[in-house]
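Down below is the structure, laid out as structure tokens.
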Amino acid sequence: MSGGSSQPTGGAASDVEAIRDACVSKHIRVNYKSSLNGIKRWIVEELSKENANTGRFFDDHGELVLTEFTMFPSLCGEVNMMGVLQLCLASLVQHAHYLLTHLPNNYALLSTDVIRNPVVLKDGARAGK
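Each residue of the sequence shown is one higher than the last, beginning at 41 in the working numbering.
What follows is the structure, encoded as structure tokens:
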């Protein structure tokens, strides 16, 4: 994964990287790479204290193997999953007020944009009508 790309280096990959560079600003690419570096650092410095099997997160070049972060690998190829997930998100947005009033304040879901962003809530309310 050179330069924040998940593509191998070489012939066709250079075309992919040229397209990426034309579509994604350098600032965004730098932030993405910085985020990946933060994840690497967390794995090495923190996760390794609890789990000695951190090697699975890295390839032979020390780059992150992003597929290791797939929560349900067996569902990745499920063609209908996107629609199901969209319905799940829509339900969360539609029930945001209930969730905010009935879940503990430190509940992780309550700190997400799905629940906190007024634009998302407004869009969700409009879509539900």
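All C-beta atoms in this analysis are idealised placements derived from N, C-alpha and C, irrespective of residue type, glycine included.
Excluding the five sequence neighbours on either side, which residues of its own chain have a C-beta within less than 7 Å of the C-beta of residue i, listed in chain order?
i, result
"K80", "L104"
"F98", "L104 and V105"
"L87", "T94"
Taking the beta carbon of residue i as the centre, do at least 16 other beta carbons fall within 10 Å, making it buried, or is it exposed?
i, result
"V133", "buried"
"G44", "Only weak support exists for where G44 lies, its pLDDT of 48 falling under 50; the coordinates are left without a value."
"A136", "buried"
"I68", "exposed"
"I59", "exposed"
How close, in whole Å, do the beta carbons of residue i and residue j come, if the pair is a contact with beta carbons under 8 Å?
i, j, result
"L149", "L139", "7 Å"
"M121", "L115", "6 Å"
"E85", "R96", "Rounded, the Cβ-Cβ distance is 17 Å, inconsistent with contact."
So, helix, strand or coil for residue i, using DSSP?
i, result
"L161", "helix"
"F98", "strand"
"L104", "strand"
"E118", "coil"
"P144", "coil"
"F112", "coil"
"S131", "helix"
Ignore the nearest five residues each way along the sequence and tell me which others in residue i's own chain have a CB closer than 6 Å to its CB.
i, result
"P144", "none"
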